[in-house]
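Engineer:
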Amino acid sequence: MTAIGLREAGTRRPAELLRDNLREQRLLLVLDNFERLLDAADVVRALLRHAGGLKVLVTSRAPLHLAGEQDYRLSPLAVPVESPADALGVAELENIDCVKLFTDRAREAAPGFRITQEIAGPVLETCRRLDGLPLGIELAAARVGFLAPADLAARLARRLPLPGTGLRDLPDRQRTIAEAIGWSYELLEEPERLLFARLSVFAGGWDLKAVDAVCGPASEIGADVIEALAHLVEQSLVRARTTGVVTRFSMLETIRDYAADRLQLSGDAGEIRARHAQHYLGLAEEVAQQLPGRDQVSLMAHLSEERDNLRAGIQWAIATGDAQTGLRFLSAMWRYWQLGGQVGEGLAVARVVLEIPDAEEPSRVRVRGLEAAGGLHYWGGDALRAAELYGQQISLARELGDEHGEADGLFNLAATTSQGGDLIGAFNMADRAFELYGNVGDSRGQARVDGLRGIGTMVAGDPAAALPLMLRSVDRLHTVDDAYFEAVALATCAWAFLILGKTREGLPYWRQSIAMTHELGDIASTTLALEFAAIVALDGGQPEVAAVIHAAFEEASRLYGVRAPRATEELVARTGYLDELKAALGQERFQSATERGRRMALDQAVDYSVAAVREIEADG
Numbered sequence: 002m003t004a005i006g007l008r009e010a011g012t013r014r015p016a017e018l019l020r021d022n023l024r025e026q027r028l029l030l031v032l033d034n035f036e037r038l039l040d041a042a043d044v045v046r047a048l049l050r051h052a053g054g055l056k057v058l059v060t061s062r063a064p065l066h067l068a069g070e071q072d073y074r075l076s077p078l079a080v081p082v083e084s085p086a087d088a089l090g091v092a093e094l095e096n097i098d099c100v101k102l103f104t105d106r107a108r109e110a111a112p113g114f115r116i117t118q119e120i121a122g123p124v125l126e127t128c129r130r131l132d133g134l135p136l137g138i139e140l141a142a143a144r145v146g147f148l149a150p151a152d153l154a155a156r157l158a159r160r161l162p163l164p165g166t167g168l169r170d171l172p173d174r175q176r177t178i179a180e181a182i183g184w185s186y187e188l189l190e191e192p193e194r195l196l197f198a199r200l201s202v203f204a205g206g207w208d209l210k211a212v213d214a215v216c217g218p219a220s221e222i223g224a225d226v227i228e229a230l231a232h233l234v235e236q237s238l239v240r241a242r243t244t245g246v247v248t249r250f251s252m253l254e255t256i257r258d259y260a261a262d263r264l265q266l267s268g269d270a271g272e273i274r275a276r277h278a279q280h281y282l283g284l285a286e287e288v289a290q291q292l293p294g295r296d297q298v299s300l301m302a303h304l305s306e307e308r309d310n311l312r313a314g315i316q317w318a319i320a321t322g323d324a325q326t327g328l329r330f331l332s333a334m335w336r337y338w339q340l341g342g343q344v345g346e347g348l349a350v351a352r353v354v355l356e357i358p359d360a361e362e363p364s365r366v367r368v369r370g371l372e373a374a375g376g377l378h379y380w381g382g383d384a385l386r387a388a389e390l391y392g393q394q395i396s397l398a399r400e401l402g403d404e405h406g407e408a409d410g411l412f413n414l415a416a417t418t419s420q421g422g423d424l425i426g427a428f429n430m431a432d433r434a435f436e437l438y439g440n441v442g443d444s445r446g447q448a449r450v451d452g453l454r455g456i457g458t459m460v461a462g463d464p465a466a467a468l469p470l471m472l473r474s475v476d477r478l479h480t481v482d483d484a485y486f487e488a489v490a491l492a493t494c495a496w497a498f499l500i501l502g503k504t505r506e507g508l509p510y511w512r513q514s515i516a517m518t519h520e521l522g523d524i525a526s527t528t529l530a531l532e533f534a535a536i537v538a539l540d541g542g543q544p545e546v547a548a549v550i551h552a553a554f555e556e557a558s559r560l561y562g563v564r565a566p567r568a569t570e571e572l573v574a575r576t577g578y579l580d581e582l583k584a585a586l587g588q589e590r591f592q593s594a595t596e597r598g599r600r601m602a603l604d605q606a607v608d609y610s611v612a613a614v615r616e617i618e619a620d621g
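Following the working numbering, the numbering of the sequence shown begins with 2 at its first residue and continues without gaps.
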C-alpha cells in the first residue's frame, strides 16, 4: 500500500482501497518474494479483474495458479561440464556468464581481482559445485578477500561451509546457501518436508515409479506422494524435465545436500537408502534378463540414465556388508559394463563385492556373481583369472544342483580355454553344456554352443570345417533373437573367409556384424571389428586407410579398456599386417595416418571403416 502512496483510512479493507485506486491506472505492479503470501493470490486475481490497465510481475518460488498467468522459470547459470581453462583464452573465459558474475562480485570484496589462466579452473569448479546458482556464486565470490579461488573450490569439494559473514546487505535468509534453501523448506507442510528429505537419496535424478517405490507410501508421509512431489516442483526445490512420454525429476546438488541433512536428522536414512538400493537392483535385474537382445540400445540407455543411482545402490551394499545384494548387482550389471566399454569399473566392483564378508557363502547368487566376475576378467584380457572364476562357478553350481548355472559355467570356461589351445577339453565342456541347456530348455544356450564349436574349429586351424558350423549358428541365433552372439558369429564367418583367402566373400558378413554391434551399443565388439577392416584395407591396396583404421582401433581399445580374446590376437599376429603396413608407408606417412586415426571418435571410425570396405567390395 505505502509503495504506491496509499494509506489505510476508515473501515474500508486495504484490498478494496488498492483495487479502487488502481482501477483507472496503467502500471506495472511488482510483487517480490511472493512465495510466503500465496494465500493472497485471490487479491491479485481481484486486482487484475477490476483494473484493465494493470500488469503484475511476481517473483516467487511457486506459481500463483491464476488464469492468464505466464510462468517464466529461471534456470541456474550454465557451467561447462569440464573446465575449459586449458583450451580457452582469458577473454573467452571472462565471457562465460557464471565467471562474469563471480568476477563482478569478487571485485567488490577485492578490487584488484581478475581472471587469469591459473585461477580459471578453480573459479569454474566453484561455480560447478554451486550448481551455477547466482546467489551461491555471489556468496562464494564475497569471500575472495579471505580465501583464494583454489581454497574456495577445495572447501566446497569437501562440503565445508565458507567462513565469514558474506554480503551484509542481503536479507538474513540469503546470507548462506543453507539459509536460502531453508527459507523455502520452512514454507513446506510436514508431509512435503518428509518427502523432500527422502528425495535426497536419489543420485542423478529419478522418475515417478522410483519416487513412489522409495519414498512412499502415502500413509507414511501423510499425503499423496505425487501431489507432494508436484508441490516441491512448484516451490523450485525439485526440477522436472519431460522428454517424450517420460518425466524425470532432479535436485541441484546444493539443494540435495540440504535435503540429505534433513534425511539424516529424520532417523529414516537407513530404511530409505535400503529401499533405494532394492528398487534399482530390481531395475538392473529386469534389464539384465533382456540383454543382449534387439532392444539393447534403449535398455543400455535406460541403465546409463540411472547410472548414478545404480552406483549408489552398489555402494550401499558394499558399505552395509550386504553380500547378497552386492552379488546380485554384480550379476545384473556386468553385461552393461562390458557392452558399454566400462570393464574397468566392473572389475573394481567385482573385486570389492567378492570380498564382502559372507560373499563366500554357497548360494545360486554367488554362482552368478562368479560368472559375472569371470566375464569381466575375460573381456579385460585376463583369461587365466577368468578361467579360475568359471571353474569356481561350475563347482559351486554342481554342489547346489544348479544345472543352468553349471551349463553357463561350462560354456564360459570352454570359450576361455579354447583361446589357450585346449580344444579337446573345450569341446568336451561344450558338449556337456549343450546337454545341460537341453535339460533346462535353454535353446539360446544351445545356439551359442554351436557358435562356440565353430570358433573352436577355426582356432584349431580348420576354417573350412568351421564355416558351415558358424553359418548354422548364425541362423539359430537369429531365430532365438540373440543379437549379441549373432553379431559375434557373423564376424567369425568373416574371419573364416579371410583365412581361406576369400576375403571379399566375407565382407558382407563383417558389414552386417559391425552394423549390429554398433546399433546395439556394443562398444567392445565394435572396437574389435575395426582391426578386421584395417587388414582388409591393406589387402585391398589402401595402406594409408589401413593405418588410420588401425590407429582408431588402438585408441578406442585404450579408451574403453577393450582387449581382443587371445585367439583373435594370435590370428592377427599371424597375418603380420602391422609390419607390412609400416613397410608400405614408411615412418612419416605411417605417423601422419596414425595421428588422424587417433583423433577419430568411435562413430567416425566405424563410418570410415565401412566406407573403405564398401569401396573394396565395389572394386572387387
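Think of the CB as a built atom: it goes at the ideal place given N, C-alpha and C, for glycine as much as any other residue.
This one's a predicted model, so the numbers in the text were calculated from it and none came from an experiment.
Give the C-beta separation of Thr-595 and Asp-540 to the nearest angstrom, bearing in mind that I take them to be a contact with Cβ-Cβ under 8 angstroms.
Structural biologist: The pair is not a contact, with the Cβ atoms about 19 angstroms apart (cut-off 8 angstroms).
Engineer: Alpha carbon to alpha carbon, what distance is there between Leu-472 and Phe-498?
Structural biologist: Going from the Cα of Phe-498 to the Cα of Leu-472 covers about 12 angstroms.
Engineer: Do the stretch 346–363 and the stretch 319–327 make contact, defined as three or more Cβ pairs closer than 8 angstroms?
Structural biologist: yes
Engineer: Threshold first: 4 residues or longer. Then list the alpha helix (DSSP H) segments lying entirely within the stretch 501–526, N to C.
Structural biologist: Restricted to the stretch 501–526, the alpha helix (DSSP H) segments that are unbroken, complete and at least 4 residues in length are 504–520, listed in chain order.
Engineer: Kindly confirm or deny that the stretch 224–241 and the stretch 207–214 touch, where touching means at least three C-beta pairs closer than 8 angstroms.
Structural biologist: yes
Engineer: In terms of residue numbering, what span does the beta strand (DSSP E) encompassing Leu-58 cover?
Structural biologist: 55–59
Engineer: Look up Arg-176 in the DSSP assignment and say whether it is helix, strand or coil.
Structural biologist: For Arg-176, the predicted structure reports a pLDDT of 49, less than 50, and the residue's modelled location is therefore unreliable. A value from the coordinates is still provided. In the structure shown, Arg-176 sits in coil (DSSP, three-state: anything other than H, G, I, E or B).
Engineer: Can you round the beta-carbon distance between Leu-453 and Glu-404 to whole angstroms, since I take them to be within the 8 angstroms contact cut?
Structural biologist: Not really, about 18 angstroms apart at Cβ, beyond 8 angstroms.
Engineer: Taking Cβ positions, are Val-145 and Leu-153 nearer each other than 9 angstroms?
Structural biologist: yes
Engineer: What separation, rounded to the nearest whole angstrom, lies between the Cα atoms of Glu-389 and Val-368?
Structural biologist: Each residue's alpha carbon lies about 13 angstroms from the other.
Engineer: Reducing DSSP to helix, strand and coil, say where Phe-114 ends up.
Structural biologist: coil
Engineer: Helix or strand or just coil, what does DSSP make of Val-573?
Structural biologist: helix
Engineer: With C-beta atoms as the reference, is Tyr-337 less than 9 angstroms away from Leu-304?
Structural biologist: For the 9 angstroms CB-CB criterion, Tyr-337 and Leu-304 form a contact.
Engineer: Mark Asp-451 as exposed unless 16 or more other C-beta atoms lie within 10 angstroms of its C-beta, in which case mark it buried.
Structural biologist: Buried: at least 16 other Cβ atoms inside 10 Å.
Engineer: What residue does the alpha helix (DSSP H) around Ser-220 start on, and which one ends it?
Structural biologist: DSSP places Ser-220 inside the alpha helix (DSSP H), whose first and last residues are 219–222.
Engineer: With a 10 Å radius around its C-beta and 16 neighbouring C-beta atoms as the bar for buried, classify Ala-557 as buried or exposed.
Structural biologist: buried
Engineer: How far does the beta strand (DSSP E) with Val-549 in it reach, from first residue to last?
Structural biologist: Taken as a continuous stretch (DSSP letters only), Val-549 belongs to no beta strand (DSSP E), being part of the alpha helix (DSSP H) at 544–561.
Engineer: Here's the rule: buried if 16 or more other CB atoms are within 10 angstroms of the residue's CB, otherwise exposed. What is Gly-54?
Structural biologist: exposed
Engineer: What residue does the beta strand (DSSP E) around Ser-251 start on, and which one ends it?
Structural biologist: 247–251
Engineer: Specify, as a first and last residue, the run of the beta strand (DSSP E) that Arg-242 falls within.
Structural biologist: 240–244
Engineer: Assign Leu-78 to buried or exposed, taking buried as 16 or more other Cβ atoms, counted over all protein chains shown, within 10 Å of its Cβ.
Structural biologist: It counts as buried.
Engineer: If you draw a straight line from the alpha carbon of Asp-208 to that of His-378, how long is it in whole angstroms?
Structural biologist: 34 angstroms
Engineer: Less than 7 angstroms between C-beta atoms, sequence neighbours within five positions excluded: which residues of the same chain meet that for Arg-382?
Structural biologist: Looking at the sequence shown, residue 382 is not Arg but Gly. Excluding residues within five positions, the ones whose Cβ falls inside 7 angstroms are Arg-564.
Engineer: Given a cut-off of 9 angstroms, decide if Ala-324 and Ala-360 are closer than it, judged by their beta-carbon atoms.
Structural biologist: yes
Engineer: To the nearest angstrom, how far is it from the Cα of Pro-192 to the Cα of Cys-99?
Structural biologist: Near 35 angstroms, if we compare the C-alpha coordinates of Cys-99 and Pro-192.
Engineer: Can you tell me whether Asp-604 is buried or exposed, with buried defined as 16 or more other CB within 10 angstroms of its CB?
Structural biologist: exposed
Engineer: Go ahead and pull the three-state DSSP assignment for Val-288.
Structural biologist: helix
Engineer: For Val-31, which three-state DSSP category applies?
Structural biologist: strand
Engineer: Shortest alpha-carbon distance to Gln-447 belongs to which of Leu-411, Leu-424 and Val-91?
Structural biologist: Leu-411
Engineer: Can you tell me where the alpha helix (DSSP H) holding Val-80 begins and where it ends?
Structural biologist: Run containing Val-80: none; DSSP gives neither H nor E here.
Engineer: Taking all protein chains shown into account, decide if Gly-167 is buried (16 or more other Cβ within 10 angstroms of its Cβ) or exposed.
Structural biologist: Below a pLDDT of 50, predicted positions are generally treated as unreliable, and Gly-167, at 48, falls in that range; no measurement from the model is reported.
Engineer: Quick check: the Cα distance between Gly-133 and Ala-107, rounded to an integer number of angstroms?
Structural biologist: Across the structure, Gly-133 and Ala-107 are spaced so that their CA atoms are roughly 16 angstroms apart.
Engineer: Within the continuous alpha helix (DSSP H) that includes Leu-301, where are the two ends?
Structural biologist: Correcting the residue identity first, residue 301 is Met in this sequence and not Leu. Taken as a continuous stretch (DSSP letters only), the alpha helix (DSSP H) holding Met-301 covers 297–306.
Engineer: Quick check: the stretch 572–586 against the stretch 512–523, are there 3 or more CB pairs under 8 angstroms?
Structural biologist: Segments in contact, no.
Engineer: Using the rule of at least 16 other Cβ atoms within 10 Å of the residue's Cβ for burial, across every protein chain shown, is Pro-358 buried or exposed?
Structural biologist: When all chains shown are included, Pro-358 counts as exposed.
Engineer: Is any non-hydrogen atom of the ligand ZN found closer than 8 angstroms to the C-beta of Glu-287, if you look at the structure I gave you?
Structural biologist: The model depicted lacks the ligand ZN and carries no ligand whatsoever.
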